[in-house]
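In this note's numbering, the protein residues as written are 2 to 82. All C-beta atoms in this analysis are idealised placements derived from N, C-alpha and C, irrespective of residue type, glycine included. All figures in this text were calculated on a predicted structure; none of them were measured in a lab.
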């Protein structure tokens, strides 16, 4: 049982690190993937089919992503001054 728990813990950590790397290197692509997941979720959850809900989720992702990843991702997607 300990091996299974250790494997799941390792898998979770690897997925988290991979998500951080993807968010740091490709923040725009990650946002597009998140929006696509919400759109796919609309197939199973009809309340997500509303355009306002999809925009809200994308907006929250756009705000939360730089906070989770850090300033390096925000600088990549912010307009140049």
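Judged by beta-carbon spacing, residue 37 lies beyond the 8 Å limit of residue 43, meaning their Cβ atoms are not closer than that value. Counting along the chain, the unbroken alpha helix (DSSP H) around residue 11 starts and ends at 3-26.
One thing to note: residue 31 has its Cβ within 8 Å of the Cβ of residue 23. The DSSP-derived three-state label of residue 51 is coil.
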